[in-house]
Every structure is written in C-alpha cells, then in structure tokens.
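Chemist:
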Amino acid sequence: MTGPRFGVNIDHVATIRNARGGAAPDPLRAALLAEKAGADGITAHLREDRRHIGDADIEALMAALTVPLNFEMAATAEMQNIALRHRPHAVCIVPEKREERTTEGGLGVAQDENRLADFITPLRDAGCRVSMFIEPDPMQVEASRRIGAPVIELHTGTFAEAHLAGDMDRRAREFERLAEGVRIGTEAGLEVHLGHGLDFETARMVSTIPDVAELNIGHFLIGESVFLGLEEAMRRMRAAMEQGYAEGRAAA
Ligand code: PXP
C-alpha cells in the first residue's frame, strides 16, 4: 500500500450540468475519465431533492464503471429501494437536510441505533459494503460497530474548515480528533474512511494518519479540474496522499 484508496466524488459535475438543465457536462464522462486516471472508486450522492446526481446517472454509472461505485444516500425507504435495485459495491449512509448546501455534520448513529441497525441489514444482505458517515466521536464510532456496519467514514469538514480559516489551533485539535477516531475505529475492527472538504494540503495531512483506508474527495478536486484538467488535478491529489502516507510511515 502506498496510501489510502482514492475515491473521486463526481456530484459537482452534475451540479454544473443542472445549472443549465441540459446534458453537459456529463458526470459519467467525468467518472470514466477519473477511472482511467487511476481512481480507486467513484462516489455519487443521490440526494432526495436530486439537486445534482439523478436516478439516470446512477443507472449509467452502474452500467459503465469497472471500479466500485460508492453510493451515498440518506437513510430513507426510497433510497434503500434504489440501492437494493442497483446493489452498488458500497453504500455510505449520510444525514441529509434539504436546506443545507452540503452534508453538514455526521449521522447520529447512537441516537437512532435500532432504526439504523434495521435499515442497513437488507443492504448488507444484498452484498453492499455499508459505511456510516459520522463525526470523529467515540460514541458514534462505537454505535456504528454495534449496529454491524463494517466501515465508517469520518467527517473531515470541521478540520478542513479550520484549515481554510487559518485557525491552526483548531486545525490541530480537529486533526487529533480525526486521528483518535481512526485509531478507535480500527481497534474496533472497522475499516475507516475520511472525507469532506479536503484539498491538496488537508488530504496530505490526513494521509499521515495510520490505517486510513480511503479518502473521498469531490468539490475541491472538481473545482481544480477547471484550471488543471481532471487528470492533472487527480495526479496532484494522489501525490499529496502518497506524500502524507510516506510522512506518516516515517514518523511511526
Ligand atoms: N464523503 C461524504 C460522505 C460526503 O457526503 C461528501 C460530500 O458529498 C464527500 C465525502 C466529499 O466531500 P467534498 O465534495 O467536500 O470533497
């Protein structure tokens, strides 16, 4: 292993497409290009309001991708039906509020344990690798383990925000919370992913944390593609992840 797996989130290609209501730019084209450029997986979030990815996009991705699709969805009956119809490689359960601009905060697994345990069972039975998108909070990590989720994805949004705000103390505290969350999750036997708001620098930093299996990155990467092209943006992101991973190994 030379670093975490690199999951490319293509939601914001669909955001740009939907701004004009036509067919371009096509998120499937972006996904296939990302696949060619070495993505380990493609992530797409079918939101309840379909503000970016639509049902037809999921169908097209399932039909054409050769790398795994990580299907992000809210814990609703509608989304469960769609996931069970497509049986993607992975399903990531995220909280969803209509008024939010992006996924704010993690899932309250501990607060909704029985319902979520029942909710993920058919998905697991269908062969989907289920992950819970949570804050790096030991209570949520432990609850995810209890309900039988094999994977957690820790929300890096607060860490990334602190970085962008130049608040180095807060960034250091959030980094420690993430590192501790990864450690607790790994010790509990869970596979740990990280994602949200990552750029080249924050992706490098979190890749220094031992045992991070996967990063899922979208908004910054798609934005950077405007200037660099998707392949070059991905190449730089992968290099940042590999550099972080090597630094983490050297420090261990
Ligand atoms: N992981 C999860 C669970 C997400 O909901 C998102 C945003 O859709 C991401 C990763 C990627 O975040 P960003 O687009 O900020 O890189």
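Just so we're aligned: the sequence shown equals residues 1 to 252 in our numbering.
The beta-carbon is built from N, C-alpha and C at its ideal position, and this holds for glycine as well.
1. Which of helix, strand or coil does DSSP assign to residue 1?
2. Taking 7 Å as the limit, name every residue whose beta carbon sits nearer than that to some heavy atom of the ligand PXP, in sequence order.
3. Would a C-beta distance cut-off of 8 Å place residue 241 and residue 215 closer than the cut-off?
4. So who's on the other strand from residue 53, going by DSSP bridges?
5. Can you give me the Cβ contacts of residue 159 inside the same chain, cut-off strictly under 7 Å, excluding the 5 residues immediately before and after it?
6. Please give me, in chain order, every unbroken run of the alpha helix (DSSP H) with length at least 4 that falls completely inside the region 177-217.
7. Measuring CB atoms only, is the region 104-117 touching the region 132-140, in the sense that at least three cross pairs come out at less than 8 Å?
8. Buried or exposed for residue 118, going by 16 or more other Cβ atoms inside 10 Å?
9. Check the DSSP bridge columns for residue 44 and list the partner residues they point to.
10. Please confirm whether residue 213 and residue 226 have their CB atoms less than 8 Å apart.
11. Would you grab the beta carbon distance between residue 94 and residue 74 for me? Rounded to a whole angstrom, and I think it's under 8 Å.
Modeler: According to the structure data:
1. Coil, per DSSP.
2. 9, 11, 12, 43, 45, 72, 92, 94, 102, 103, 133, 153, 195, 196, 197, 198, 216, 217, 218, 219, 220, 221
3. yes
4. Answer is none; residue 53 lacks a bridge partner.
5. 171, 174, 175, 178, 202
6. 200-206
7. As far as the Cβ criterion goes, the region 104-117 touches the region 132-140, which means the pair count is three or higher.
8. If you draw a 10 Å sphere on the C-beta of residue 118, you find fewer than 16 other C-beta atoms in it, and that means exposed.
9. 71
10. Contact flag unset, no.
11. Yes, they are in contact, since the Cβ atoms of residue 94 and residue 74 sit about 6 Å apart, within 8 Å.
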